[in-house]
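Okay, so here's the structure we're looking at.
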Amino acid sequence: MPSLTPTVRNILILWVGLWLISYLSWIGDLPMAEYLSFNPRALASGEFRGFLGMFTYGFVHERGVFHLLFNAWMFALFAPEAERLLGVLRFRYFLFAALLGGSLFHFLLGFISPAFATQVLGGSGMAMAVLALNAAAMPHLSLRLLVIDVPLRTFFFVVAGIDVLQLMATFAGKNIAVASDVHLVGAALGYFSLRYFRPTFVSRARSGSLIARLQRAFANWMHRRNQSLSVQEEAELDRILSKIHTEGMPSLTAKERRFLERRSKRPPR
Numbered sequence: 181m182p183s184l185t186p187t188v189r190n191i192l193i194l195w196v197g198l199w200l201i202s203y204l205s206w207i208g209d210l211p212m213a214e215y216l217s218f219n220p221r222a223l224a225s226g227e228f229r230g231f232l233g234m235f236t237y238g239f240v241h242e243r244g245v246f247h248l249l250f251n252a253w254m255f256a257l258f259a260p261e262a263e264r265l266l267g268v269l270r271f272r273y274f275l276f277a278a279l280l281g282g283s284l285f286h287f288l289l290g291f292i293s294p295a296f297a298t299q300v301l302g303g304s305g306m307a308m309a310v311l312a313l314n315a316a317a318m319p320h321l322s323l324r325l326l327v328i329d330v331p332l333r334t335f336f337f338v339v340a341g342i343d344v345l346q347l348m349a350t351f352a353g354k355n356i357a358v359a360s361d362v363h364l365v366g367a368a369l370g371y372f373s374l375r376y377f378r379p380t381f382v383s384r385a386r387s388g389s390l391i392a393r394l395q396r397a398f399a400n401w402m403h404r405r406n407q408s409l410s411v412q413e414e415a416e417l418d419r420i421l422s423k424i425h426t427e428g429m430p431s432l433t434a435k436e437r438r439f440l441e442r443r444s445k446r447p448p449r
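Quick note: the sequence shown uses the numbering used here, first residue 181, plus one each step.
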């Protein structure tokens, strides 16, 4: 499990806190979760909670704890790396787009089929978005599921395929209590976002070469930082790594990329 970034940690805390509050409000017959969920009918009638729910639905979950736990596991596992790839600010815009895109798509589908004119809640769209982004950037990365290792892209396509089947069942009039349309919007956003913003970066990241060189640069930096390296090089490396954390890999200049590549090729002493 990767270390949590402040943004990811705060979202997880918010999920757990709102789940607990909504559960207690349910015991007291107060419909808090219903008010914060996205209701297409409320939006169509111009109610304030309809507009509010377009964004807040991603932070409340069903009373059953499994919905929360699965989303939290997915988000904690894949969101930190997604934030490192995009940078802090772009990552927040990315999550905002996943929320808004999911609610808008669900609203529009309600005009096609009444089966979609239902309330939606849960952070599954955001969880799918960060999973998809990782699968696009590092498709051959192995994910340990119990006793087997599965390529990340394979895992993503299996999960997305299940959502496609559930979407087809919803169109067929079956009562599927899963917002598969919202999941698939997050999946599409995550999988194609890197390609859209920086094609050259994605093509290199998919091959694993850039990621591998960056990982070697980190390893060399940790190994050599207490040895006889020049102060100027250490300061430059710190600056570039800080820039990657705050602004993402696409923000690096050609000179900074060459510097990281050169550092990554140095054998450890």
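Glycine is no exception: its CB is placed at the ideal position from the N, C-alpha and C atoms. All values reported here derive from a predicted model rather than from experimental measurement.
{"query": "Every unbroken beta strand (DSSP E) within the stretch 303-328, with a cutoff of 3 residues, ordered by chain", "result": "322-325"}
{"query": "Contact the stretch 418-431 vs the stretch 263-270: 3+ CB pairs below 8 Å", "result": "yes"}
{"query": "Limits of the alpha helix (DSSP H) - the one that ARG243 falls within", "result": "Element bounds for ARG243: n/a, residue is neither H nor E."}
{"query": "Exposed unless 16 or more other CB atoms sit within 10 angstroms - verdict on THR350", "result": "buried"}
{"query": "LYS435 - containing alpha helix (DSSP H), residue span", "result": "434-444"}
{"query": "The stretch 324-339 / the stretch 278-295 touching (three or more Cβ pairs under 8 Å)", "result": "no"}
{"query": "Exposed unless 16 or more other CB atoms sit within 10 angstroms - verdict on GLU261", "result": "buried"}
{"query": "Unbroken alpha helix (DSSP H) run spanning LEU269, endpoints", "result": "268-292"}
{"query": "6 Å CB neighbourhood of SER389 in its chain, flanking five on each side removed", "result": "Below a pLDDT of 50, predicted positions are generally treated as unreliable, and SER389, at 46, falls in that range; the measurement from the model is reported next regardless. Excluding positions up to five away in sequence, the list is empty."}
{"query": "Spatial distance of PHE381 from LEU374 (CA atoms)", "result": "With a pLDDT of 44 at PHE381, under the threshold of 50, the predicted position of this residue should be treated as unreliable, though the coordinate-derived value follows. Straight-line Cα distance between these residues: approximately 8 Å."}
{"query": "With 16 other Cβ atoms within 10 Å as the buried cut-off, status of PHE276", "result": "exposed"}
{"query": "Residue interval of the alpha helix (DSSP H) (run including ALA297)", "result": "Looking at the DSSP string, ALA297 is not in any alpha helix (DSSP H), and its letter there is neither H nor E."}
{"query": "Segment limits, alpha helix (DSSP H) that includes VAL358", "result": "No alpha helix (DSSP H) holds VAL358; DSSP gives it neither H nor E."}
{"query": "Of the residues PHE246, GLY353, ARG229, ILE342, the one placed nearest LEU364, counting alpha carbons only", "result": "ILE342"}
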